[in-house]
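J.: Once you've had a glance at the structure underneath, I'll fire off some questions.
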Amino acid sequence: MKNNRFDLFVAPQTKQPLILRRGGLETADGQQRFPVVLHTPVLLPETDASVWHRELVELILWEHPDEIEKIYADKARWQKDPNALYRQTIRRVIGGKEEILEAIERYAAADTGIWLPKKPASNAVSFAAKRAFLKYSTARNGKRRMQTARASDFRESYAAYESQIAALRPRTLLELSTGAGTGTSLTANAMPDDARLYTVDIDFNCLGNAAGIGNYHRKTVVPVCANFWYLPFPDAVFDCVCTLNGLDESREIRRTLEEAARVLKPGGSFAVFSRKTAFMRQQRILADFGFNEEETTALLHKCRMYACAEHLIGLCAEKGLALQRQASFPAGADLTWVVSLFRKA
Ligand SMILES: C[S@@+](CC[C@H](N)C(=O)[O-])C[C@H]1O[C@@H](n2cnc3c(N)ncnc32)[C@H](O)[C@@H]1O
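Position in the sequence shown (first residue = 1) + 80 = this note's numbering.
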């Protein structure tokens, strides 16, 4: 591992090494250039969306991008009850269960890149995103994130994830998804003082959490705005790749796992905190259309999303990540967390 926190990066698509020059990161020939905003590299592939939500509903509505835009534009209704808005839009635009299944069949047959909205990566860092980043980046927020994780009803499962990472004593870590920062807090706390944690999220706002958490723990936490499908790192550089609920909301799970396996060193570990079954999360949308657990799981498989912890074992095995152990933590009538550890051969 090199010493400078920016030395490790490569271009997300071509994987050419990047150097810090003129306040940005660029390839040696200057042909590809990526911004560094608030000390955070923005290494998004060219085709990526700036504002890009990841709900299953978007896959059902994938042939109607303007309807997806409308959902998120209707802020008041979305904040009040997003699932009701999703259900109403699906009913109006798609229809019932049969039509949903047909739309997903078409999605399953489509090329991964087709539905990515083509917006410039610079949109990812709007003024509002920068403002949110700064709000989250204080050490006080980092402290609050840790306290919230400790006080959570899920603290037992969080502790299992944390101690799994601590036991690995990794020096170089990559976290898939910063989000609200729960996983980042636990990981930064668990890792050795001289370790370095890179945490990746496509949503620039969230990355402020990483900065705040790093400041609070006095550990090296490097926020990176990137897409899991195009991780901006060379092959075999991390001792540990970890994720707390980062797989459940992400599309293209096989591709994400392939990238995770690629950047892991041989013998490296992949620590995953996830839902036992994604049905628990999706039922608020799908139950209304008559989907049961088995049908929802099949639907998620079809559209290449995380379906359940058992499904994950097979997908990881395909990418050379063998299960070491898996523990379940029931957290309520319809929720069970699973903490899994995989190892790259
Ligand atoms: C449920 S949150 C993760 C929770 C977070 N790990 C925590 O501990 O609070 C899911 C996050 O994954 C990010 N995400 C989803 N798909 C992604 C992708 N393909 N690439 C990068 N980030 C992605 C979202 O922006 C979101 O912040």
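Just so it is clear, CB atoms sit at the ideal spot from N, CA and C, and this is done for glycine as well.
All values reported here derive from a predicted model rather than from experimental measurement.
Under 8 Å by Cβ, that's how I've got V117 and L105 pegged, so tell me the actual separation to the nearest angstrom.
T.: About 11 Å; that fails the 8 Å criterion.
J.: Tell me, to the nearest whole angstrom, how far the beta carbon of M360 is from that of D414; I am working on the premise that it is less than 8 Å.
T.: That belief holds up - the Cβ atoms of M360 and D414 are roughly 5 Å apart, short of 8 Å.
J.: Are the CB atoms of S349 and R251 nearer to each other than 9 Å?
T.: Not in contact: S349 and R251 (Cβ atoms no closer than 9 Å).
J.: Smallest Cα separation from Q111: which of T120, P121 and I99?
T.: Of T120, P121 and I99, the residue nearest in Cα terms is I99.
J.: When burial is assigned at 16 or more other CB atoms within 10 Å of the CB, is W417 buried or exposed?
T.: Classification of W417: buried, given that the 10 Å Cβ count is 16 or more.
J.: Can the beta-carbon of G288 be found less than 9 Å from the beta-carbon of F213?
T.: Yes, the pair counts as a contact, with Cβ atoms nearer than the cut-off.
J.: In its own chain, which residues sit with a C-beta less than 7 Å from the C-beta of D233, not counting the 5 before and 5 after it?
T.: Same-chain partners within the cutoff: A411.
J.: Grab me the residues of L123's own chain with a C-beta within less than 6 Å of its C-beta, minus the 5 sequence neighbours each way, in chain order.
T.: If we look at L123 and ignore the five residues flanking it on each side, its Cβ neighbours are P92, F114, A306 and P312.
J.: Write down every uninterrupted run of the beta strand (DSSP E) in the stretch 243-294 whose length is 3 residues or greater and which is fully enclosed by it, in chain order.
T.: Within the stretch 243-294, the complete beta strand (DSSP E) runs of at least 3 residues are 252-256 and 276-281.
J.: Locate the beta strand (DSSP E) running through L401, then write down its first and last residues.
T.: Looking at the DSSP string, the run of the beta strand (DSSP E) that includes L401 is L401 to P410.
J.: Which of the three DSSP states is assigned to W195 in this structure?
T.: Bear in mind that a pLDDT of 47 at W195, under 50, signals an unreliable position, so the number given afterwards is only what the model happens to contain. Looking at W195 - three-state DSSP - the assignment turns out to be helix.
J.: Can you tell me whether N325 is buried or exposed, with buried defined as 16 or more other CB within 10 angstroms of its CB?
T.: With 16 or more other Cβ atoms within 10 Å, it is buried.
J.: Report the residue from L266, A291, T376 and A316 whose alpha carbon sits nearest the alpha carbon of L136.
T.: That would be T376, whose Cα lies nearest to the Cα of L136.
J.: Does DSSP put L118 in a helix, a strand or coil?
T.: If DSSP states are grouped into helix, strand and coil, L118 belongs with coil.
J.: Kindly indicate which three-state DSSP category L88 falls into: helix, strand or coil?
T.: Coil at L88, not helix or strand.
J.: Excluding the 5 residues preceding and the 5 following Q244 in the sequence, name in chain order all residues of the same chain whose CB lies nearer than 6 Å to its CB.
T.: Closer than 6 Å at Cβ, skipping near neighbours: A351 and L421.
J.: Quick check: is any heavy atom of ligand 1 less than 8 Å from the C-beta of S257?
T.: Within the cutoff, so yes.
J.: Over the uninterrupted alpha helix (DSSP H) stretch that includes W67, give me the two end residues.
T.: Since the first residue of the chain shown is 81 and the last is 425, residue 67 is not available in this structure.
J.: Compare the Cα-Cα distances from L256 to each of V302, P272, H381 and L248 and report the closest residue.
T.: Checked all of V302, P272, H381 and L248; the closest Cα to L256 is V302.
J.: What is the DSSP secondary structure of I174, counted as helix, strand or coil?
T.: Residue state, collapsed to three classes: coil.
J.: Apply the 10 Å Cβ neighbour rule to H119 and answer buried if 16 or more other Cβ atoms are within range, or exposed otherwise.
T.: H119 comes out exposed.
J.: Quickly, what does DSSP pair L458 with across the bridge? List them, please.
T.: What the structure shows of the chain is the stretch from 81 to 425, and residue 458 is not part of that stretch, so it cannot be assessed.
J.: Could you spell out where the beta strand (DSSP E) holding C62 opens and where it closes?
T.: Since the displayed the chain opens at 81 and closes at 425, residue 62 lies outside it and no answer follows.
J.: Let me know if T94 comes out buried or exposed under the rule of 16 or more other beta-carbons within 10 Å of its beta-carbon.
T.: When all chains shown are included, T94 counts as exposed.
J.: By the 10 Å Cβ neighbour count, where 16 or more other Cβ atoms means buried, how is A129 classified, buried or exposed?
T.: Below a pLDDT of 50, predicted positions are generally treated as unreliable, and A129, at 48, falls in that range; the measurement from the model is reported next regardless. It is buried - the Cβ of A129 has at least 16 other Cβ atoms within 10 Å.
J.: In terms of residues, what are the limits of the beta strand (DSSP E) holding T300?
T.: Where T300 is concerned, the enclosing beta strand (DSSP E) stretches over T300 to C305.
J.: Can you tell which of V419, G400 and L401 has the C-alpha that lies nearest to the C-alpha of F409?
T.: Nearest C-alpha to F409: V419.
J.: Note down the Cα distance separating A247 from A240, rounded to an integer number of angstroms.
T.: Taking the straight line from one Cα to the other gives about 11 Å.
J.: Mind checking whether the beta-carbon of A331 lies closer than 8 Å to any heavy atom of ligand 1?
T.: First, the residue type needs correcting, since residue 331 is Arg and not Ala in the sequence shown. Yes, since a heavy atom of ligand 1 falls inside the 8 Å radius drawn around the Cβ of R331.
J.: Indicate whether the contact test is met: 3 or more Cβ pairs, each with one atom in the stretch 335-345 and one in the stretch 364-378, closer than 8 Å.
T.: Touching, no.
J.: My assumption, with CB atoms under 8 Å, is that A229 sits in contact with L266. Please give the rounded CB distance.
T.: Indeed, because the Cβ distance is near 6 Å, the residues count as touching under 8 Å.
J.: What do you reckon, is the C-beta of F422 under 8 Å from a heavy atom of ligand 1?
T.: Incorrect: F422 has no Cβ contact closer than 8 Å to ligand 1.
J.: Is C286 near ligand 1 - that is, is its Cβ less than 8 Å away from at least one heavy atom of it?
T.: Indeed, a heavy atom of ligand 1 lies less than 8 Å from the Cβ.
J.: Is A389 closer than 9 Å to Q406 when the C-beta atoms are compared?
T.: Yes; because the gap between Cβ atoms is below 9 Å, this pair is in contact.
J.: Going by beta-carbon coordinates alone, are Y310 and R355 separated by less than 9 Å?
T.: Not closer than 9 Å, so no.
J.: May I have the straight-line CA-CA distance separating D146 from E178, to the nearest angstrom?
T.: So the alpha carbons of these two residues sit roughly 22 Å apart.
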